[in-house]
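Numbering (this note's numbering), first residue to last: 10 to 119. Okay, structure first, notes after.
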């Protein structure tokens, strides 16, 4: 897949996930929320994303969030940041939305 096609697919997927999350039709696991929170606060770097992908728990590995993180890691390593920018912005919006709710989920469990 070319970088342009990958970026377009990632942008579309991230925006669909965000819309489904906002509508309540996608309910990420607590692990996915925590992963999103960690990545939202981390430096946006392909190495950081790849390290997070290597240490996934089973519930996160089986969830949908991972479907946008793997291509995001590749795009973060891309030389052509202009092409990747809209897709990475969509991923950022998704992770930020999940991260905001991570704190309230932890408060409910505690």
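Glycine included, each C-beta is placed from N, C-alpha and C at the ideal position.
Roughly how many angstroms lie between the CA atoms of residue 92 and residue 40, to the nearest whole one?
30 Å
Whole-angstrom Cβ separation of residue 106 and residue 27, contact assumed at under 8 Å?
6 Å
How many angstroms separate the CA atom of residue 138 from the CA atom of residue 20?
Outside the displayed range of the chain (10 to 119) lies residue 138, so it cannot be described from this structure.
Is it right to say residue 86 is buried, meaning 16 or more other beta carbons lie within 10 angstroms of its own, or is it exposed?
Taking every protein chain shown into account, the CB of residue 86 has fewer than 16 other CB atoms within 10 angstroms, so this residue is exposed.
Residue 83 versus residue 48: straight-line alpha-carbon distance, rounded
If I take the Cα positions, the gap works out to 15 Å.
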